[in-house]
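Going down the list, the sequences are from chains A and B. Heads up: the first sequence begins at 0 in numbering that gives the first Met the number 0, then just goes up one per residue. Heads up: the second sequence begins at 0 in numbering that gives the first Met the number 0, then just goes up one per residue. Notes follow once the structure below has been shown.
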Amino acid sequence: MRRPGWFLSAIAAGLYIFLYAPIVVIIVFSFNAARFGTVWEGFTTKWYGALLHDSAALSATKNTLLLALVSTGIATLLGSLLAFGLTRFDFPGRKIFDRVLYVPVFVPDIVLATSLLLFYSLVGSFIPALELGMTTMILGHVTFQISFVAIVVRARLAGLDPALEEAARDLGAGEWKTFLHVTLPLMLPGVLAGAMLAFTLSLDDFIVSFFTSGPGSTTLPILIYSSVKRGLTPDINALATLIILISVLATVSLTWLQKNKQDPHPKK
Amino acid sequence: MTPAATPFQLPQRLPQRHATTESPFVRRGLIGIALVFLGLFLVVPLVSVFVQAFSKGIAFYIHTLGDPNAWSAIKLTLLAAGISVPLNCVFGVAAAWVIAKFDFRGKNVLLTLIDLPFSVSPVISGMIYVLVFGAQGWLGHYRDAEHAWFPWLQSWINDHNIKIIFAVPGIVLATIFVTFPFVARELIPLMQAQGRSEEEAARVLGASGWQTFWRVTVPNIKWGLLYGVILCNARAMGEFGAVSVVSGKIRGETNTLPLHIEALYDDYNFAGAFAMASLLAFLALVTLGLKTWVEHKNAASNDKGEKL
Numbered sequence: 000m001r002r003p004g005w006f007l008s009a010i011a012a013g014l015y016i017f018l019y020a021p022i023v024v025i026i027v028f029s030f031n032a033a034r035f036g037t038v039w040e041g042f043t044t045k046w047y048g049a050l051l052h053d054s055a056a057l058s059a060t061k062n063t064l065l066l067a068l069v070s071t072g073i074a075t076l077l078g079s080l081l082a083f084g085l086t087r088f089d090f091p092g093r094k095i096f097d098r099v100l101y102v103p104v105f106v107p108d109i110v111l112a113t114s115l116l117l118f119y120s121l122v123g124s125f126i127p128a129l130e131l132g133m134t135t136m137i138l139g140h141v142t143f144q145i146s147f148v149a150i151v152v153r154a155r156l157a158g159l160d161p162a163l164e165e166a167a168r169d170l171g172a173g174e175w176k177t178f179l180h181v182t183l184p185l186m187l188p189g190v191l192a193g194a195m196l197a198f199t200l201s202l203d204d205f206i207v208s209f210f211t212s213g214p215g216s217t218t219l220p221i222l223i224y225s226s227v228k229r230g231l232t233p234d235i236n237a238l239a240t241l242i243i244l245i246s247v248l249a250t251v252s253l254t255w256l257q258k259n260k261q262d263p264h265p266k267k
Numbered sequence: 000m001t002p003a004a005t006p007f008q009l010p011q012r013l014p015q016r017h018a019t020t021e022s023p024f025v026r027r028g029l030i031g032i033a034l035v036f037l038g039l040f041l042v043v044p045l046v047s048v049f050v051q052a053f054s055k056g057i058a059f060y061i062h063t064l065g066d067p068n069a070w071s072a073i074k075l076t077l078l079a080a081g082i083s084v085p086l087n088c089v090f091g092v093a094a095a096w097v098i099a100k101f102d103f104r105g106k107n108v109l110l111t112l113i114d115l116p117f118s119v120s121p122v123i124s125g126m127i128y129v130l131v132f133g134a135q136g137w138l139g140h141y142r143d144a145e146h147a148w149f150p151w152l153q154s155w156i157n158d159h160n161i162k163i164i165f166a167v168p169g170i171v172l173a174t175i176f177v178t179f180p181f182v183a184r185e186l187i188p189l190m191q192a193q194g195r196s197e198e199e200a201a202r203v204l205g206a207s208g209w210q211t212f213w214r215v216t217v218p219n220i221k222w223g224l225l226y227g228v229i230l231c232n233a234r235a236m237g238e239f240g241a242v243s244v245v246s247g248k249i250r251g252e253t254n255t256l257p258l259h260i261e262a263l264y265d266d267y268n269f270a271g272a273f274a275m276a277s278l279l280a281f282l283a284l285v286t287l288g289l290k291t292w293v294e295h296k297n298a299a300s301n302d303k304g305e306k307l
C-alpha cells in the first residue's frame, strides 16, 4: 500500500533501540579486554577462549544440551501423538483434556516449578529414581513442552484435507500405511516446528530447572543467574552472547518452518 | 511460558470421521500415554499445591495473604502488569499494523526483533539491564564520571537519584521486555490474513487514517487483541527469571508475587509458599476461563459473519 511516515518510523526506531540496545551492549562488552567494570580497554576474544577452559561453564553447557535434547525428544513424540489423538478421535473427557493442554501455557512457571518440587518430594521417598537431578528436570521440562508441541502440531493437523487420508484408505492402504505414507509426511513440518519450539523453551528455561535441579545438574541459565548475583564478568557476557546467538538462530528457523507450513498443499 | 506459535482460533473440524478410524486399541494407546503423563506430572502436582496451601487451615491461609510483605508483593505485581500490558498492547497493535499493512525494507528483520524476547532466556533479559543500569553498569548510578559514555544522561540519573536496578523501574522494564511480543504475535497472522482491502476501501471512500483504524481495523481484530492481552497479562504476572535478576528481592519493597513465593519457600514456610502459589494458580485458571470465553465469542462472531 504505502510506506510508513517518517514520524512513526522514528518513534518505532527509538522504541526498539530503547528496548534492544542492552543486548547490543552485552555483545560489545563480551569483546572488551577489561576484567572489571565497563571501561573499554580494547578488543579481545580471550573471554570466549577462557570459556573452553571453564569447567563450570562446560558442564553447564553439557547439562543444558542433554536436558534440552532428551526432553524435546520425549515431548515431541508424546505431544504429536496427543495432537493426533485429540484431532482425530472422540472420547469421553476430550473437552477437558483440551483445556488441560492449555494449563502450562497459562499457569505461571513458578507455580509449575513449586508444584513439581512438592510432587517430587512427596513421591521421591517411594521412588528413588525421582530424587532431584537430571531425571526430575527432564520430566519437568517435558510437562510444559508437551502442551506447546501438541498445540503447534494440532494447528497443522486441523489444516489438513481429510480427503487425502480417505483416498489412501479407499485405494486399499491399511491404517499404518496411511499414517506412515500420507498423514506423517503431511504433519511433519508441524512436528519439526513444535520440536524446535520445545527445544528453545527448554534451552531458555530457568525457573523449572532452578527448582527441580539437584547437585551437579546446573544448567546455563542457572549458572548465569548465580554469576549475576556475584557481579558481572566479561566471560559471563561471552556466554550470554553465545546463548543469545543460538536462541535467535533457533527462532529464525522456527519462523521459517512455520512460514512453510502455512500452505498445506504446496504447488509444484 | 511462551506460546509463540499459538495461532488465534483455528478452524475446528468435527473429530469423528468414519472412513478413517483406527481400532479402539490403537486409539487409546496413542493418546493414553500422553494423557497419563500430563495427569501425573501436571494435574496431580497442581492439585497438591491447593491441598498443601490449606494444610495449616484457612486461618493460616488468610494470615499469609494478609501479611504486609505479601500485600506489597501483590501490589507490585499488579503495578508491573498494569504498566506493561497497556504499553505492550499499543506496541503490539502498532507493530502488527506496520507489518501487515505496509511494505518496507527490513520487514523480516523487524519480525525477528519482535520475536527476540521470546528466544532470549529470561535470565539474560534481566542481565542485560543490570549491565546497562546496574551499579557497575554502563549508565550506572555510581559510575566513575571520568569514563562516562553519556555524561549528560549519567549526571541526570545521579542528580535525580533515580534507581533503576534493584528498584521498581527495573522490574517494570524487565516485564515490558519479556512480554513485548505477545500482542504482536497474535495480531500479525490475523491482520495478514484479513488483508488490506477493507482499509483501502475505507480510504477510497474518504476516511482519514485514524477513522480507518478505529472503524475498520479495530472491530476486525478485537478478539485477537483481547486474546493477546490475556496472554500478555498472564506472563506479566507470572514472570520470574528476568524480574528476579533485576529486583534485588527486598521484602516488602521489590518482591513480586512469584519472588515472594520463592522467598517463603526459602524460609521453609512451605504452607505459606503454597498459599501464595495457589493464588497465582487461581489467577491462571481465571485466565484460562477468559481465553475459552474469548474463543467462544470469536467463533460466534465468525458464524454471524458467514450467515450475512
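Cβ coordinates follow ideal geometry from the N, Cα and C atoms, glycine included. Just so you know, these numbers come straight off a predicted model, no measurement behind them.
Within 10 angstroms of its Cβ, does residue i collect 16 or more other Cβ (buried), or is it exposed?
i                : result
Val89 (chain B)  : exposed
Val108 (chain B) : exposed
Gln210 (chain B) : exposed
Arg98 (chain A)  : exposed
Pro67 (chain B)  : exposed
Leu287 (chain B) : buried
Gly13 (chain A)  : exposed
Ala283 (chain B) : buried
Ala55 (chain A)  : exposed
Pro2 (chain B)   : Caution applies to Pro2 (chain B), whose pLDDT of 48 falls short of 50 and renders its modelled position unreliable; the value that the coordinates give is listed next. By the 10 Å Cβ count, Pro2 (chain B) comes out buried.
Val171 (chain B) : buried
Arg385 (chain B) : In the structure as shown, chain B starts at 0 and stops at 307, and residue 385 (chain B) therefore has no counterpart that could be examined.
Asp108 (chain A) : buried
Asp114 (chain B) : buried
Phe17 (chain A)  : exposed
Val207 (chain A) : buried
Which residues does DSSP list as the beta-bridge partners of residue i?
i                : result
Phe118 (chain A) : In DSSP, Phe118 (chain A) forms no bridge with anything.
Asn31 (chain A)  : A:Phe42
Phe239 (chain B) : Note: Phe239 (chain B) sits in no beta bridge, so no partner.
Does any C-beta atom of chain C lie closer than 7 angstroms to the C-beta of residue i?
i                : result
Asp265 (chain B) : Of the protein chains in the structure, A and B, none is chain C.
Below 9 angstroms on C-beta distance, what does residue i contact in chain A?
i                : result
Gly240 (chain B) : Asp108, Asp203, Asp204, Phe205, Ile206, Phe209, Pro220, Tyr224
Name, please, each residue of chain B whose Cβ falls closer than 7 angstroms to the Cβ of residue i.
i                : result
Ser252 (chain A) : By Cβ distance, chain B contributes nothing, its closest Cβ being about 11 angstroms from Ser252 (chain A), past 7 angstroms.
Tyr15 (chain A)  : Leu112
Val227 (chain A) : Met126, Val129, Val244
Phe96 (chain A)  : Leu34
Cβ atoms of residue j and residue i: under 7 angstroms apart, would you say?
i                : j                : result
Gly78 (chain A)  : Leu115 (chain A) : no
Ala276 (chain B) : Val48 (chain B)  : yes
Val42 (chain B)  : Pro116 (chain B) : no
Tyr128 (chain B) : Gly169 (chain B) : yes
Ala237 (chain A) : Leu50 (chain A)  : yes
Val244 (chain B) : Val122 (chain B) : yes
Leu117 (chain A) : Ala33 (chain B)  : no
Phe209 (chain A) : Ile223 (chain A) : no
Thr174 (chain B) : Ser83 (chain B)  : yes
Ser71 (chain B)  : Gly251 (chain B) : yes
Cys231 (chain B) : Phe181 (chain B) : yes
Val293 (chain B) : Leu225 (chain B) : yes
Residue i versus chain B: which residues are under 8 angstroms apart at the beta carbon?
i                : result
Pro21 (chain A)  : Ile127, Tyr128, Leu130, Val131
Leu115 (chain A) : Phe40, Pro44
Thr142 (chain A) : Phe36, Leu37, Phe40, Leu41
Ala49 (chain A)  : Residues of chain B passing the Cβ test: none, with the nearest at roughly 18 angstroms.
Ala32 (chain A)  : None at all; the shortest Cβ gap to chain B is about 14 angstroms.
Val24 (chain A)  : Ile127, Leu130, Val131, Trp137
Ile145 (chain A) : Ala33, Phe36, Leu37
Phe118 (chain A) : Phe40, Val43, Pro44, Ser47
Ser246 (chain A) : Ser118, Val119, Ser120
Ala67 (chain A)  : Result: empty, since nearest Cβ-Cβ is about 12 angstroms, beyond 8 angstroms.
Listing by chain order, which chain A residues have their CB less than 8 angstroms from the CB of residue i?
i                : result
Lys290 (chain B) : Tyr101, Phe105
Ile32 (chain B)  : Leu77, Leu80
Thr286 (chain B) : Phe105
Met236 (chain B) : Pro107
Pro168 (chain B) : Simply none; closest approach about 13 angstroms.
Phe179 (chain B) : Leu18
Phe90 (chain B)  : Leu14
Kindly list, in the order they appear in chain A, the residues whose Cβ is closer than 7 angstroms to that of residue i.
i                : result
Ile123 (chain B) : Ile223, Ala239, Ile242, Ile243
Ala280 (chain B) : Val106, Val110
Ile249 (chain B) : In chain order: nothing, as chain A lies at least about 14 angstroms away.
Ala272 (chain B) : Thr113
Phe176 (chain B) : Leu18
What residues from the region 70-85 of chain A come within 8 angstroms of chain B, judged by C-beta to C-beta, listed N to C?
Hits within the stretch, in order: Leu77, Gly78, Leu80, Leu81, Phe83, Gly84, Leu85.
Mind checking the region 39-60 of chain B against chain A and listing, in chain order, the residues whose C-beta falls within less than 7 angstroms of any C-beta there?
Taking 7 angstroms as the Cβ-Cβ cut-off against chain A, the residues of the region 39-60 of chain B that qualify are Phe40, Leu41, Val42, Val43, Pro44, Leu45, Ser47, Val48, Gln51.
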